[in-house]
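So the structure is just underneath, and the comments pick up after that.
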Amino acid sequence: YYVITAVNQIGESEVSSEVMATPNESIGTYTYHYDENGRLTSIVLLSGETLVYEYDINGNLIRSYIQP
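The following block contains the structure:
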């Protein structure tokens, strides 16, 4: 298993969870990034790809995509 921890811009832990991995899964770290309003902006996946989240001016999620 591995532990996932999200840290905000000032270094405080925001989210923490433990995940059981199957024998075929890599063990590693997911990195979570947040903007100044506390919105999740990206997650760096174990593969090295980044899952990106985009918001409109009202803070509504409008798009998410994988960035290689």
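Residue numbers for the sequence shown, in the numbering used here: -19 to 48.
By construction, the Cβ of each residue, glycine as well, lies at the ideal position given by its N, Cα and C atoms.
Counted as a single uninterrupted DSSP element, the beta strand (DSSP E) harbouring Y12 occupies residues T11 to Y14. Beta-bridge partners of L31 (DSSP): I23 and I46. Restricting attention to G39, G8 and Y33, the CA atom closest to the CA of L25 is found in G8. CA-CA distance, I46 to N38, rounds to 23 Å.
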